[in-house]
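Notes follow once the structure below has been shown.
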Amino acid sequence: MNSTINCGKVNRYTMVRFFAGMVTVLLFFSCLGDPPGSMNPVSYDTSKPNKVFHWKMTTTWPPNFPVVGEVAEKYATWVDELSNGQIKIKVYGGGELVPPLEAFDAVSQGAIEMGCGVSYYWAGKTPAAQFFAAVPFGMNAQQITSWLEVGGGYELWKKTYARFNLVPFMGGNTGVQMGGWFNREINSIEDFRGLKMRLPGIGGKVLEKAGGAAVLVAGSEIYTSLERGVIDATEWIGPYHDYKMGFHKIAKYYYTPGWHETGSQLEFFINKNLHDGLPPHLQAVLMAASKRAQVWVLSEFDKQNGIYLDKLIREEQVEIREFSKETMDALRVHTEEALQEMIGDDPLSKEVYESYANFQDRISKWSEVTEKAYYNKIQK
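Residue numbers (the numbering used here): 187 to 566.
Spelled out as structure tokens, the structure:
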């Protein structure tokens, strides 16, 4: 089996090394102490308008990993162009400078200037971070961007990261993901009982409330784990990556929608002292490039997922199934239970979630009479 994404310079060795690093870090991640909340300020001589800054970016992805890794390279190019060569960023894949999930600490402490990843990786640092990545039954990519851009979400994101000496930036959105690959039919919520599924984040907590078991499996091991019955099901991202991983060869049922990740938000994060010491026009460059990344990632995912969904259906005869309404309703109830537990003991998580939920409630009313009404009318 080919358990790697066969794209660019990604190879089996890179993938195995990357995901092995992720598993190792996750095992002790919750035990790590908080990084220092502040460092000695970095002062740049802004009287030298042509000063060139050479930065390193570490990512949580393998080098050139399709879309989510590619955008880091594109961001570096866009920053170079927009700054007229004043900020030059060298991108390193996960494990090349530090293990993937140590990126947060490395940038916080100033060992590396910036990082790229997704914020639910930092739940062990602050639970509130998860709301800036993916919330089951949450907002879609368009709505999340609106919340961050004009709904107060970005201010809360900056507040959450400030205590870790970081400044976050939007880094793209995957859009709604698929519900996953299963080796058994899911006809009701009861079918989740005893189900062993690779499902990270808040979605994993929801699965456990439904009687299943959320299992941590490295990406390079998903195929063999599913094939050998170590897990009964897995989610990944969508048709593009799923096709490359070959899941259609070993799992019979492909379900939609991805209730657990309705619009997974990616991120860049920069050492706050370095960022705040930059001249204002270069701070604006970093922001402008992030907005371009936000558009590019979703656009690329829409394009590639459309192509590879067609391949799965026409070439591999994969049947796309939908979770029943009753199943989705039950998962929604369990989601609310999990969220209430999350915010119960953490005032910041409560503040962020209330902002997220209130914005979702308002914007969903608008979507009901526009997008939902439109899609319902054009269904064949």
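Here a beta-carbon is modelled for each residue, glycine too, at the ideal position from N, C-alpha and C.
Nonlocal neighbours in the same chain, by C-beta distance under 7 Å from residue i, ignoring five residues either side
i    : result
E502 : H434
S411 : V403, I417
Y153 : Limits of the chain in this structure are 187 at one end and 566 at the other, which puts residue 153 out of reach.
G186 : Here the chain has residues from 187 to 566 only, and residue 186 is not among them.
W327 : The sequence as given places Ala at residue 327; Trp does not occur at that position. So the qualifying residues of the chain are N359, G361, G449, L484.
G219 : Residue placement at G219 cannot be trusted, given a pLDDT of 42 that sits under 50; the coordinates are not used to answer.
S510 : N373, S374
V265 : I273, I275, V471, L472, A475
L268 : V471, A474, A475
Identity of the residues DSSP links to residue i by a beta bridge
i    : result
G279 : BP columns for G279 are empty, so no partner.
E243 : Checking the sequence shown, residue 243 turns out to be Met, not Glu. DSSP, once it has assigned bridges, lists V277, M300 as partnering M243.
Q451 : N359
Q354 : Note on identity: in this sequence residue 354 is Pro, with Gln being the wrong assignment. Its beta-bridge partners are F455.
Endpoints, the beta strand (DSSP E) within which residue i is located
i    : result
T442 : 439–442
Residue i - containing alpha helix (DSSP H), residue span
i    : result
H427 : 425–431
P421 : Looking at the sequence itself, residue 421 is Glu, so the reference to Pro does not match. No alpha helix (DSSP H) contains E421, which DSSP labels as neither H nor E.
G415 : No alpha helix (DSSP H) holds G415; DSSP gives it neither H nor E.
W264 : 256–268
N176 : Given a span of 187 to 566 for the chain in the structure shown, any question on residue 176 remains unanswerable.
K345 : 339–348
Proximal residues to residue i (C-beta, below 8 Å), its chain only, five neighbours per side dropped
i    : result
A292 : T244, L283, V284, I298, G301
Y439 : W367, F368, N369, R370, E371, I372, E505, R507
A309 : A315, Q316, G387
V211 : For V211, the predicted model reports a pLDDT of 40, less than 50, meaning its position is unreliable and no value from the coordinates is stated.
I408 : S189, R384, I417, T420, W422, M431, F433
G271 : V238
K395 : H520, E523, A524
L352 : F290, V293, S294, F455, I456, N457, K458
K558 : none
M473 : F355
G324 : I330, T448, G449, Y542, Q546
Close beta carbons around residue i, own chain, < 6 Å, minus the five adjacent residues each side
i    : result
L525 : none
P313 : M528, D532, S535
F239 : I273
E413 : I436
A262 : I275, V277
Q329 : I549
F204 : Below a pLDDT of 50, predicted positions are generally treated as unreliable, and F204, at 45, falls in that range; no measurement from the model is reported.
V304 : A319, L452
V257 : G358, A479, V483
G424 : Q363, M364, N491
K391 : A524
Y561 : none
K242 : K276, I298, E299
G339 : W333
H461 : V353
Quiz item: Which full runs of the beta strand (DSSP E) of 3+ residues lie inside the stretch 284–333, going along the chain?
Solution: 300–303
Quiz item: Do the stretch 438–445 and the stretch 357–376 make contact, defined as three or more Cβ pairs closer than 8 Å?
Solution: yes
Quiz item: If you scan the stretch 455–540 from start to end, which runs of the beta strand (DSSP E) of 3 or more residues do you find wholly inside it?
Solution: 506–508
Exercise. Starting from the N-terminal side, write out each stretch of the beta strand (DSSP E) that is 3 residues or longer and does not extend beyond the stretch 358–407.
Key: 366–368, 382–384
Practice problem: Would you be able to state if there are at least three C-beta pairs under 8 Å between the stretch 239–253 and the stretch 483–502? | Solution: yes
Quiz item: Should the stretch 449–465 be regarded as contacting the stretch 510–517, the criterion being three or more beta carbon pairs within less than 8 Å?
Solution: no
Practice problem: Take every Cβ of the stretch 328–348, pair it with every Cβ of the stretch 531–538, and state whether three or more of those distances are shorter than 8 Å. | Solution: yes
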